[in-house]
Amino acid sequence: MKPNASPAPSSQHHRPNDMNEQTGPLIAGVDEAGRGPLAGPVVVAAVILDPQRPIDGLNDSKKLSEAKRESLFPLILERARAHCIVVIEPEDIDRLNIFQATMTGMSRAVKGLSLTATEAWIDGNRLPKDLPCPGRAIVGGDALEPAISAASILAKVSRDRLMVAMETQHPGYGFAVHKGYPTPAHLAALERLGPCHQHRRSFAPVKRLLDQAKLF
0 MKPNASPAPS SQHHRPNDMN EQTGPLIAGV DEAGRGPLAG PVVVAAVILD
50 PQRPIDGLND SKKLSEAKRE SLFPLILERA RAHCIVVIEP EDIDRLNIFQ
100 ATMTGMSRAV KGLSLTATEA WIDGNRLPKD LPCPGRAIVG GDALEPAISA
150 ASILAKVSRD RLMVAMETQH PGYGFAVHKG YPTPAHLAAL ERLGPCHQHR
200 RSFAPVKRLL DQAKLF
């Protein structure tokens, strides 16, 4: 995965929408994947579902099997009225800190929707300061609100796919298995190989190794 060429701390993808009429409020569900890992991006998704095209089986992505998430992913892309996926790279996480990087991603995801959301429902207890619409923080929202569940699935599947691809670029760390989380296998590989450019240098285990390297 190559760093962005532009200074903007994200890349984003959204589906244009051909629906001209808005029927009722447009609620954007927003969630992230990848706050805790030592490596790789944090990915944020925003989704406006279509009540006329319900999707069975939506739930918190962490409660679904990988196979179930993968099967729901194309359904969400097909049936949602709008979606946007934002990728915040490790260097921007280090520059902003993980909280601010996540808030930035959430705001960008809502702004990147092809429809203007009436309200953004965000999983968690904090809201970005620069949302383009009113927001509501919902603790455990990824298991309570279908739009947030859909966003959590888009974010999780997108990030997992990026980490699997990263394994071929940086073999030996096991990114395809642990997805960058601080598992014993990942920590052992980090000690053995040292950090690569996809590691978050502001995170304690990575920072410790970098600080040790400066002593020699």
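According to numbering that gives the first Met the number 0, the sequence shown is numbered sequentially starting from 0. Glycine is no exception: its CB is placed at the ideal position from the N, C-alpha and C atoms. No experiment lies behind these values; they were computed from the predicted model shown.
How would you label residue i, buried or exposed, when you count the other beta carbons within 10 angstroms and need 16 or more for buried?
{"i": "T167", "result": "exposed"}
{"i": "E88", "result": "buried"}
{"i": "K178", "result": "buried"}
{"i": "N19", "result": "Any reading at N19 is ruled out, since the residue's pLDDT is 37, under 50, leaving its predicted position unreliable."}
{"i": "S106", "result": "buried"}
{"i": "K61", "result": "exposed"}
{"i": "R80", "result": "buried"}
{"i": "R158", "result": "buried"}
{"i": "P53", "result": "exposed"}
{"i": "P194", "result": "buried"}
{"i": "S127", "result": "According to the sequence as given, residue 127 is Pro; it is not Ser. When all chains shown are included, P127 counts as buried."}
{"i": "A45", "result": "buried"}
{"i": "L71", "result": "buried"}
{"i": "L161", "result": "buried"}
{"i": "L192", "result": "exposed"}
Look at the Cβ atom of residue i, then the Cβ atom of residue j, and state whether they are nearer than 8 Å.
{"i": "L95", "j": "V205", "result": "no"}
{"i": "G28", "j": "E118", "result": "no"}
{"i": "A149", "j": "I84", "result": "no"}
{"i": "A136", "j": "N58", "result": "no"}
{"i": "D49", "j": "R78", "result": "yes"}
{"i": "W120", "j": "G139", "result": "no"}
Grouping DSSP H, G and I as helix and E and B as strand, with all else coil, what is residue i?
{"i": "I152", "result": "helix"}
{"i": "A79", "result": "coil"}
{"i": "H169", "result": "coil"}
{"i": "V86", "result": "strand"}
{"i": "D30", "result": "strand"}
{"i": "I121", "result": "strand"}
{"i": "A116", "result": "coil"}
{"i": "V138", "result": "coil"}
{"i": "I54", "result": "coil"}
{"i": "H185", "result": "helix"}
{"i": "H198", "result": "strand"}
Give every residue of the same chain whose Cβ lies closer than 6 Å to the Cβ of residue i, excluding the five residues on either side of it in the sequence, and list them in chain order.
{"i": "I97", "result": "R34"}
{"i": "L25", "result": "I47, L114, A116 and T117"}
Which same chain residues end up closer than 8 Å to residue i when comparing Cβ atoms and leaving out the 5 residues on each side of it in sequence?
{"i": "T101", "result": "E31, R34, V41, V43 and I87"}
Can you find the residues in the same chain that come closer than 7 Å, C-beta to C-beta, to residue i, ignoring five residues on each side of it along the sequence?
{"i": "A203", "result": "none"}
{"i": "P131", "result": "V109 and K110"}
{"i": "R68", "result": "S60, I152, K155 and V156"}
{"i": "D93", "result": "R199, R200 and S201"}
{"i": "Y180", "result": "G35 and P36"}
Give the DSSP bridge partners of residue i, in chain order.
{"i": "I97", "result": "In the DSSP output, where bridge partners are listed per residue, I97 has none listed."}
{"i": "I92", "result": "Paired residues: none, contrary to the question."}
{"i": "V163", "result": "Note: V163 sits in no beta bridge, so no partner."}
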